[in-house]
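Enquirer: In order, the protein sequence lines correspond to chains A, B, C and D. When we follow full-length UniProt numbering, the leftmost residue of the first sequence carries the number 1, and every step to the right adds one. When we follow full-length UniProt numbering, the leftmost residue of the second sequence carries the number 1, and every step to the right adds one. When we follow full-length UniProt numbering, the leftmost residue of the third sequence carries the number 1, and every step to the right adds one. When we follow full-length UniProt numbering, the leftmost residue of the fourth sequence carries the number 1, and every step to the right adds one.
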Amino acid sequence: MSRIPEAFADGPAFIPYLAVGDPDYESSIEYVEALERGGADVIELGLPFSEPIAEGPTIQNAVVRALEGGMTPTRFFEFVEELDVDVPLVCMTYYNLIYRYGGERAERPRAFVEKAAEVGLDGFVVPDLPAEEADPLREACDEFDLDLVFIVAPTTEGQRLERIMEQVSGYVYVQARLGVTGARSDVSTQTDESLGRLSDWDVPKAVGFGIKTGEHAERIVAGGADGIIVGSALVDIVAEGHENGDSAEAVADRLEQKARELSEGAEKGFAQRTPHPERT
Amino acid sequence: MSRIPEAFADGPAFIPYLAVGDPDYESSIEYVEALERGGADVIELGLPFSEPIAEGPTIQNAVVRALEGGMTPTRFFEFVEELDVDVPLVCMTYYNLIYRYGGERAERPRAFVEKAAEVGLDGFVVPDLPAEEADPLREACDEFDLDLVFIVAPTTEGQRLERIMEQVSGYVYVQARLGVTGARSDVSTQTDESLGRLSDWDVPKAVGFGIKTGEHAERIVAGGADGIIVGSALVDIVAEGHENGDSAEAVADRLEQKARELSEGAEKGFAQRTPHPERT
Amino acid sequence: MSTSDGKFGRYGGQYVPEALMPAIEELEDAYERYVLNNEDGFMDEFRQRLRDFGGRPTPTQYAERLSERYDRDVYMKREDLLHGGAHKLNNALGQVLLAKYMGKERIIAETGAGQHGTATAMACAHLDFDCEVYMGERDINRQRPNVFRMKINGAEVNPVTVGRGTLKEAISETMRDWATNVEDTHYVIGSVVGPHPFPAMVRDFQSVISEEAREQMREQAGTLPDSVLACAGGGSNTMGAFAEFVDDDGVDLYAVEAGGSSLSVDEEKGVAPNSASLSTGGEGVLHGARTKLLQDYDGQIMESHSVSSGLDYAGVGPELAYLVDENRATPVNVDDDAALEAFHRLSRMEGVIPALETAHAFAYLENNHEDLGDTVLVNVSGRGDKDLESVIEETEKRGIENAPDMSMFSGGLR
Amino acid sequence: MSTSDGKFGRYGGQYVPEALMPAIEELEDAYERYVLNNEDGFMDEFRQRLRDFGGRPTPTQYAERLSERYDRDVYMKREDLLHGGAHKLNNALGQVLLAKYMGKERIIAETGAGQHGTATAMACAHLDFDCEVYMGERDINRQRPNVFRMKINGAEVNPVTVGRGTLKEAISETMRDWATNVEDTHYVIGSVVGPHPFPAMVRDFQSVISEEAREQMREQAGTLPDSVLACAGGGSNTMGAFAEFVDDDGVDLYAVEAGGSSLSVDEEKGVAPNSASLSTGGEGVLHGARTKLLQDYDGQIMESHSVSSGLDYAGVGPELAYLVDENRATPVNVDDDAALEAFHRLSRMEGVIPALETAHAFAYLENNHEDLGDTVLVNVSGRGDKDLESVIEETEKRGIENAPDMSMFSGGLR
Ligand SMILES: Cc1ncc(COP(=O)(O)O)c(C=O)c1O
Ligand SMILES: Cc1ncc(COP(=O)(O)O)c(C=O)c1O
């Protein structure tokens with residue numbers, strides 16, 4: 001049973017992302033837990049796939065580190081089970097790993113979803129699975145009461161929006177600008193437009209792609225977003241710590257701090273909204 | 001007025017060849033004179049051309065040395081004038097040098113022949129000038145009473161033989177085997193055949209291509225040749241002397257010796273002929 | 001095979017990031033209008049440019065000495081004579097022209113061996129387009145002449161350094177560029193792979209191969225071939241050579257894959273020493289389509305391997321996967337050594353120096369000619385000029401026996 | 001131009017060693033029977049092999065961007081698409097096939113750029129002949145990929161070390177081999193040079209170029225060209241491109257020679273820094289024919305020079321010399337730099353990478369298009385793949401301005 005709706009229930013949701021197993025299993029546990037301490041409302045856990053076609057260099061490199069560190073779907077599920085966090089968890093991965101899970105004789109993609117539900121995941125984001133191809137996964141998610149998050153891009157319009165609306169649950173991932181993931185020093189103006197197009201959707205709107213600072217977070221939430229998704233800015237911290245040979249604790253501290261900056265930014269933005277939306 | 005017929009008048013003619021100016025003008029004079037001392041009856045003087053298509057590597061290299069030593073048609077004629085020998089001299093060269101002599105306004109190829117007559121040459125061998133293309137040169141030769149020697153190859157037959165017979169004077173150069181010039185350790189059996197085909201020609205038959213030793217010379221003359229032409233075996237001596245840095249005198253001595261071996265070989269061969277042909 | 005839903009049986013589809021979906025839909029629309037319905041005379045212009053710029057038709061040649069060797073009639077469809085030296089131009093020219101009809105301003109492409117990249121660069125120069133080509137760094141080093149040709153034709157070549165730096169990574173990277181610049185940019189994909197409509201569209205552009213060959217066989221041999229052989233990497237020359245024969249039940253279709261050094265895989269390292277996805281791969285989703293893939297138990301894509309860069313890809317076109325499942329096409333494979341031997345054999349016996357990719361098809365012919373019927377058609381997908389350096393290196397390394405003495409070249413061409 | 005006497009006005013003839021004369025007469029006879037009179041269907045077989053093995057007809061392409069640039073209609077005859085990558089195969093295939101009809105067993109050839117050598121090697125592999133190719137040592141080093149291609153096709157490549165080691169020396173050496181093995185060997189000469197019947201015969205084999213182009217121009221342009229441009233080394237692509245237009249008075253014929261670095265000569269060293277024998281040469285006799293030659297005052301043949309090995313020859317076909325004397329063809333020339341610029345221009349603007357030889361014709365077009373009439377036909381005698389190394393080196397050395405950034409290649413392709 002997905003716990004995602006709760007995360008948006010009171011105030012803006014801060015949704016950090018990390019690649020699981022980057023740079024190793026143990027550190028990764030600490031990092032994810034640090035995010036929660038820093039104020040995460042939902043956590044996106046990246047299950048690394050060898051061909052991450054939607055990711056920029058930052059996350060590509062994280063994926064390489066995680067794969068080299070031995071991360072696999074099986075280990076990923078162990079990881080989720082072992083995690084000591086209390087917020088909803090979303091598995092972000094590419095369709096082939098979901099589809100292949102359980103070997104040739106498994107029922108696909110149900111086997112993966114079943115296992116995900118078992119270990120306590122709340123939903124999925126699958127960047128290479130557009131609404132048109134999502135029926136089988138959607139059905140399995142319904143069976144196990146998990147959410148299936150979809151991305152809406154700046155280019156998504158008309159019929160496509162409707163198709164996504166029909167399929168989406170948990171939240172909609174509003175892609176702030178064209179391109180691939182990666183932290184930017186500016187925040188795109190495409191965001192407002194996108195949020196506008198989705199204004200009548202009754203699913204929370206979380207904005208991602210390029211958010212890097214508390215200030216970005218503030219502006220985006222002030223602009224009407226129900227949540228912010230931050231990946232590369234956090235993965236950068238992991239990468240830097242890895243390169244410098246810093247201790248996992250030190251890195252975890254920095255992640256916690258960054259998470260706090262971002263979640264507080266989101267809160268500030270929320271406070272600025274006029275008319276102040278009611279907390280439901 | 002050509003002196004060539006005399007050379008064949010009493011006994012077999014020994015006809016050595018050297019590239020004029022190989023490796024330099026002065027030495028070359030000494031070498032040619034040494035050939036006469038060694039018994040030459042006629043001397044073929046090679047005027048070096050940049051594209052000696054009928055020559056093997058030995059004479060090609062001699063040509064390169066001579067050209068690098070500054071040999072030109074003008075120097076060649078000076079050379080002939082300066083030579084102190086008493087035997088008939090045949091200029092062996094390629095047609096382009098004959099044709100181009102005297103510059104654009106000269107009467108071609110008459111200018112070259114005129115000059116040749118003037119310096120005392122007796123005839124020409126032009127390996128890239130078949131009988132079909134020889135009329136202009138033939139006419140000039142007739143005008144100045146010089147001989148025009150033609151080559152008969154092992155492949156020359158029928159009509160071609162006749163065309164050559166009409167054009168040839170001085171002697172006919174019987175090519176002992178197919179290919180290019182060069183000393184060989186065997187003497188071709190093609191020679192007898194060729195001599196056979198020419199038996200009724202009333203011009204002396206000199207055999208060349210590959211003759212290297214007195215023994216070769218002996219066998220060829222015994223087989224019916226009226227003369228032998230030897231080039232590469234002599235050029236080899238020049239080349240070797242040049243490479244070893246030997247004095248021109250030493251090289252000249254060796255040339256004289258080799259010439260003697262060859263001319264004596266020819267005499268011996270002549271002596272073996274039965275019925276002993278009458279000396280005319 | 002109708003593809004109105006973008007599926008070939010269970011294969012195909014459109015597994016791409018949402019940002020690309022509108023572009024894909026736009027392309028689908030353009031494909032239907034211009035390619036399928038010849039709107040604005042698109043197909044007429046395409047055929048004319050293929051003729052005048054590309055040099056079509058290419059001949060179907062009776063291979064005299066191979067026919068003698070195998071005691072059956074062997075014909076070769078000579079795509080090596082197409083401008084650029086491979087079948088790749090059929091597709092590249094079609095897509096770049098389509099981009100012009102669609103009002104796009106910029107072309108991007110991925111390339112492995114460099115053949116698709118050079119074909120695209122040539123088409124872009126011809127049609128006055130800006131062009132950027134993504135190419136794995138390792139392939140850049142393996143195929144320098146092709147890199148240079150692209151530059152000479154005015155294209156930018158962007159090295160891809162992620163992963164092993166081969167075709168797989170280059171495709172991923174090109175998709176990322178496309179996702180970023182989707183509004184003015186068309187992605188000219190290089191084979192019958194990727195999301196719908198690419199597999200169908202690339203097949204349609206390439207099917208001129210079998211269209212001509214079928215007609216030429218009728219004229220020259222008086223019969224259709226008993227079997228058609230084509231190498232298969234992504235499968236574009238393969239589908240091009242098969243397309244018009246698919247409905248001819250008497251014609252057997254053989255897709256010859258790169259068996260590399262061995263058909264086994266190293267799951268631990270995620271490496272397959274081959275590129276035989278049709279023969280040994282499992283169903284999965286990669287680069288926008290469901291198809292057969294070289295992947296490990298978990299679904300991670302394997303690094304493939306082949307002596308020929310152009311076959312060195314872990315996936316394959318979904319339609320080919322479908323034809324194989326339907327038993328309409330037979331997947332076979334030959335190893336690196338056999339391909340090199342075939343390279344030397346064809347060069348020596350027929351005076352046609354094939355691409356190493358192409359050589360795979362001839363290697364299969366060598367080993368299995370007895371099963372191929374009286375009349376065999378082999379698609380010569382490209383010429384081998386691009387492979388000379390590899391051939392020197394690999395021939396020496398492997399001690400290929402039917403090779404000429406190449407000692408003066410050990411160490412390479414320079 | 002009738003050639004029954006082997007003469008073109010004052011040019012031509014048969015200036016060869018006596019040993020070769022019978023072979024030349026035999027060849028003359030075979031030329032008349034098989035080529036001129038199609039005995040035993042020789043010409044039919046030749047045409048069919050040109051089609052199936054060679055890829056004929058090659059297109060005549062409207063060059064859109066050049067036409068725009070020069071504000072007139074520019075057409076390109078695409079001999080670069082012929083098998084092997086140059087017009088050379090037209091001749092090589094014709095002669096090797098003729099050798100087969102004549103019952104010869106062995107083929108020899110000379111080569112400069114290596115294009116004629118590769119064409120001959122391919123034709124020999126195709127027709128199952130032993131083949132030896134003589135090539136200057138210097139050219140071997142300049143054109144390694146072509147050397148390798150010949151070997152791959154089964155030919156022996158014999159290095160010629162005399163002199164400067166270029167085409168002139170290679171021809172002389174091949175004549176020596178022929179004089180030695182004349183009975184079973186045919187010498188496949190690579191251009192419209194040498195003793196009769198070679199110049200006429202090679203022209204006849206190459207005239208398929210203008211035969212097709214004339215027809216294609218009529219069809220596509222609806223008119224004959226006002227001028228025809230072809231580069232001229234020995235002049236085989238030139239005569240091939242001119243032959244069928246010679247009787248069309250309205251068609252101007254331009255033979256574009258290699259101006260090298262300068263038209264002046266160094267008599268002292270016997271070196272001409274160009275290969276412009278039609279433009280600057282004098283009458284003389286070389287390699288079996290009377291023609292225009294680069295020679296010094298005495299008649300010694302000069303070393304020619306050009307950035308393109310294929311034009312690097314001191315002589316030229318006698319028929320071309322004749323057409324120039326008769327004012328039927330105009331000899332012009334462009335220098336090395338202009339040729340390199342044209343190489344880059346054509347590659348960039350039309351997506352056709354020309355041979356450096358071919359680039360000379362386009363350089364002349366660039367500089368003189370205003371004098372060439374409304375419709376210009378340029379013969380693309382070959383493709384530039386063989387020249388990539390030279391282009392890198394020479395572009396850098398000369399600082400050619402319209403070249404792409406090639407810094408990653410400085411030092412060569414590997
Ligand atoms: C000559 C040639 N043949 C075949 C291929 C393989 O591609 P496909 O399987 O799409 O035909 C390539 C790819 O570069 C190629 O260059
Ligand atoms: C492409 C190309 N064009 C032209 C030439 C020059 O030869 P010709 O003048 O005989 O056409 C060559 C010679 O190698 C060549 O390769």
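Cβ atoms here follow ideal geometry from the backbone N, Cα and C, with glycine treated the same way.
Consult DSSP for residue 45(B) and reduce its assignment to one of helix, strand or coil.
Expert: Locating residue 45(B) in the second sequence gives position 45, where the first residue counts as 1. Here DSSP, grouped into helix, strand and coil, assigns residue 45(B) to strand.
Enquirer: Taking 8 Å as the cut-off, is the C-beta of residue 389(D) nearer than that to any heavy atom in ligand 2?
Expert: What you label residue 389(D) is simply residue 389 of the fourth sequence in a count that begins at 1. Because no heavy atom of ligand 2 lies under 8 Å away, the Cβ of residue 389(D) does not count as near it: no.
Enquirer: Consult DSSP for residue 118(C) and reduce its assignment to one of helix, strand or coil.
Expert: Here the question's residue 118(C) lines up with position 118 in the third sequence. Residue state, collapsed to three classes: helix.
Enquirer: Which residue comes first and which comes last in the beta strand (DSSP E) that contains residue 110(C)?
Expert: Mapped onto the third sequence, residue 110(C) falls at position 110. 106-111 is the extent of the beta strand (DSSP E) around residue 110(C).
Enquirer: Who does residue 228(A) pair with in a DSSP beta bridge?
Expert: For this step, residue 228(A) is matched to residue 228 along the first sequence. Its beta-bridge partners are 14(A) and 207(A).
Enquirer: Going along chain B in order, which residues have a C-beta closer than 8 Å to the C-beta of residue 168(D)?
Expert: For this step, residue 168(D) is matched to residue 168 along the fourth sequence. Near residue 168(D) (Cβ distances below 8 Å), the residues of chain B are 51.
Enquirer: Compare the C-beta of residue 39(C) against all C-beta atoms of chain A and say whether one is closer than 9 Å.
Expert: Counting from one through the third sequence, the residue named residue 39(C) turns up at place 39. Judged by the 9 Å Cβ criterion, residue 39(C) is not in contact with chain A.
Enquirer: For a quick check, are the C-beta atoms of residue 255(B) and residue 102(B) less than 9 Å apart?
Expert: If you number the second sequence from 1, residue 255(B) lands on position 255. If you number the second sequence from 1, residue 102(B) lands on position 102. For residue 255(B) and residue 102(B), no; Cβs fall outside 9 Å.
Enquirer: So which residues on chain A does residue 172(C) lean against when the C-beta distance must stay under 7 Å?
Expert: Taking the third sequence and counting its residues from 1, one reaches residue 172(C) at position 172. Chain A residues near residue 172(C): 51 and 53.
Enquirer: If contacts are defined as beta-carbon pairs under 8 Å, then residue 174(D) and residue 178(B) qualify, I think. What distance do you get, rounded to the angstrom?
Expert: Residue mapping note: residue 174(D) aligns to position 174 of the fourth sequence, counting from 1. Residue mapping note: residue 178(B) aligns to position 178 of the second sequence, counting from 1. That pair is no contact at about 15 Å.
Enquirer: Within 8 Å: the Cβ of residue 167(C) and any heavy atom of ligand 4?
Expert: Absence of ligand 4 is noted for the structure shown, with ligand 1 and ligand 2 being the only ligands found.
Enquirer: Can you tell which of 218(C), 196(C) and 146(C) has the C-alpha that lies nearest to the C-alpha of residue 157(C)?
Expert: Working through the third sequence from its first residue, we reach residue 157(C) at position 157. Selected option, being the one with the closest Cα: 146(C).
Enquirer: Does the Cβ of residue 274(C) lie closer than 8 Å to at least one heavy atom of ligand 1?
Expert: The residue labelled residue 274(C) in the question sits at position 274 within the third sequence. Incorrect: residue 274(C) has no Cβ contact closer than 8 Å to ligand 1.
Enquirer: Taking 8 Å as the cut-off, is the C-beta of residue 232(D) nearer than that to any heavy atom in ligand 2?
Expert: Residue numbering aside, residue 232(D) sits at position 232 when the fourth sequence is read from its first letter. Checking the Cβ of residue 232(D) against ligand 2 gives yes.
Enquirer: According to DSSP, is residue 191(C) helix, strand or coil?
Expert: As a first step, residue 191(C) must be located in the third sequence, where it is residue number 191. In this structure, residue 191(C) counts as coil in the three-state DSSP scheme.
Enquirer: Which residues mark the beginning and the end of the beta strand (DSSP E) in which residue 424(C) is found?
Expert: The structure shown does not extend to residue 424(C), since chain C spans only 1 to 414, so no value can be given for it.
Enquirer: If you draw a straight line from the C-alpha of residue 74(C) to the C-alpha of residue 55(D), how long is it?
Expert: Position 74 of the third sequence holds residue 74(C). Position 55 of the fourth sequence holds residue 55(D). Cα to Cα, the separation comes out at about 17 Å.
Enquirer: Using a Cβ-Cβ cutoff of less than 7 Å, which residues in the same chain neighbour residue 343(D) once the five nearest sequence positions on both sides are dropped?
Expert: Within the fourth sequence, numbered from 1, the residue matching residue 343(D) stands at position 343. Only 354, 356, 359, 384 and 391 meet the Cβ criterion.
Enquirer: Can residue 238(D) be considered in contact with ligand 2, in the sense that its beta carbon sits closer than 8 Å to one or more heavy atoms?
Expert: For this step, residue 238(D) is matched to residue 238 along the fourth sequence. Correct: residue 238(D) has its Cβ closer than 8 Å to ligand 2.
Enquirer: Since residue 190(D) and residue 118(D) should fall inside the 8 Å C-beta cutoff, what is the C-beta to C-beta distance between them, to a whole number of angstroms?
Expert: Within the fourth sequence, numbered from 1, the residue matching residue 190(D) stands at position 190. Within the fourth sequence, numbered from 1, the residue matching residue 118(D) stands at position 118. In fact, because the Cβ distance is near 11 Å, the residues do not count as touching under 8 Å.
Enquirer: Do residue 311(D) and residue 258(D) have their C-beta atoms within less than 9 Å of each other?
Expert: Position 311 of the fourth sequence, counted from the first residue, corresponds to residue 311(D). Position 258 of the fourth sequence, counted from the first residue, corresponds to residue 258(D). Result yes, Cβ atoms of residue 311(D) and residue 258(D) sit closer than 9 Å.
Enquirer: Counting only Cβ pairs nearer than 8 Å, list the residues of chain C close to residue 361(D).
Expert: Your numbering for residue 361(D) matches position 361 in the fourth sequence. In chain order: nothing, as chain C lies at least about 18 Å away.
Enquirer: Would you kindly report the start and end of the unbroken beta strand (DSSP E) that includes residue 94(D)?
Expert: Residue mapping note: residue 94(D) aligns to position 94 of the fourth sequence, counting from 1. Residue 94(D) -> not in any beta strand (DSSP E); alpha helix (DSSP H) instead, spanning 88-101.
Enquirer: On the premise that residue 316(D) lies in contact with residue 232(D), defined as a C-beta separation below 8 Å, what is that separation, rounded to the nearest angstrom?
Expert: Position 232 of the fourth sequence, counting from 1, holds the residue named residue 232(D). Position 316 of the fourth sequence, counting from 1, holds the residue named residue 316(D). Rounded, the Cβ-Cβ distance is 6 Å, consistent with contact.
Enquirer: When you measure from the CB of residue 169(D) to every non-hydrogen atom of ligand 2, does any distance come out below 8 Å?
Expert: Working through the fourth sequence from its first residue, we reach residue 169(D) at position 169. No, since every heavy atom of ligand 2 falls outside the 8 Å radius drawn around the Cβ of residue 169(D).
Enquirer: In the region 122-145 of chain A, which residues sit with their C-beta less than 7 Å from some C-beta in chain C, listed in chain order?
Expert: 127, 128, 129, 130, 132 and 133
Enquirer: Taking beta-carbon pairs under 7 Å, can you tell me which members of the region 19-31 of chain A lie near chain C?
Expert: The residues in question: there are none.
Enquirer: Comparing the C-beta of residue 73(B) with each C-beta of chain D, is any distance below 9 Å?
Expert: As a working note, residue 73(B) is residue 73 in the second sequence. Yes, because at least one Cβ of chain D sits closer than 9 Å to the Cβ of residue 73(B).
Enquirer: At 7 Å on the CB atoms, spell out the chain B contacts of residue 297(D), in chain order.
Expert: Sequence index remark: in the fourth sequence, residue 297(D) carries index 297 (1-based). By Cβ distance, chain B contributes 103.
Enquirer: DSSP beta-bridge partners for residue 150(D)?
Expert: Taking the fourth sequence and counting its residues from 1, one reaches residue 150(D) at position 150. Answer is none; residue 150(D) lacks a bridge partner.
Enquirer: Could you work out which residue in 210(B), 233(B) and 222(B) is closest to residue 195(B) when comparing CA atoms only?
Expert: In the second sequence, counting from the first residue as 1, residue 195(B) sits at position 195. Looking at the Cα atoms, 222(B) is the closest of the given residues.
Enquirer: Taking only heavy atoms of ligand 2 into account, decide whether any of them is closer than 8 Å to the Cβ of residue 112(D).
Expert: As a first step, residue 112(D) must be located in the fourth sequence, where it is residue number 112. Residue 112(D): yes, Cβ under 8 Å from ligand 2.
Enquirer: Ligand 1 and residue 416(C): does the residue's C-beta get closer than 8 Å to at least one heavy atom of that ligand?
Expert: Residue numbering for chain C in the displayed model covers 1 to 414; residue 416(C) lies beyond these limits and cannot be assessed.
Enquirer: Can you list, in chain order, the residues of its chain with a C-beta nearer than 7 Å to that of residue 137(D)? Leave out the 5 residues immediately preceding and following it.
Expert: In the fourth sequence, counting from the first residue as 1, residue 137(D) sits at position 137. Counting only Cβ-Cβ distances below 7 Å, and skipping sequence neighbours, we find 159, 160, 161 and 165.
Enquirer: Which of the three DSSP states, helix, strand or coil, is assigned to residue 145(A)?
Expert: Along the first sequence, one-based indexing puts residue 145(A) at 145. Of the three classes helix, strand and coil, the one that applies to residue 145(A) here is coil, per DSSP.
Enquirer: With a cut-off of 8 Å on the beta carbons, I'd call residue 76(B) and residue 98(B) a contact; round off their distance for me.
Expert: Taking the second sequence and counting its residues from 1, the one referred to as residue 76(B) is at position 76. Taking the second sequence and counting its residues from 1, the one referred to as residue 98(B) is at position 98. Cβ-Cβ separation between residue 76(B) and residue 98(B): approximately 11 Å, too far for a contact (criterion under 8 Å).
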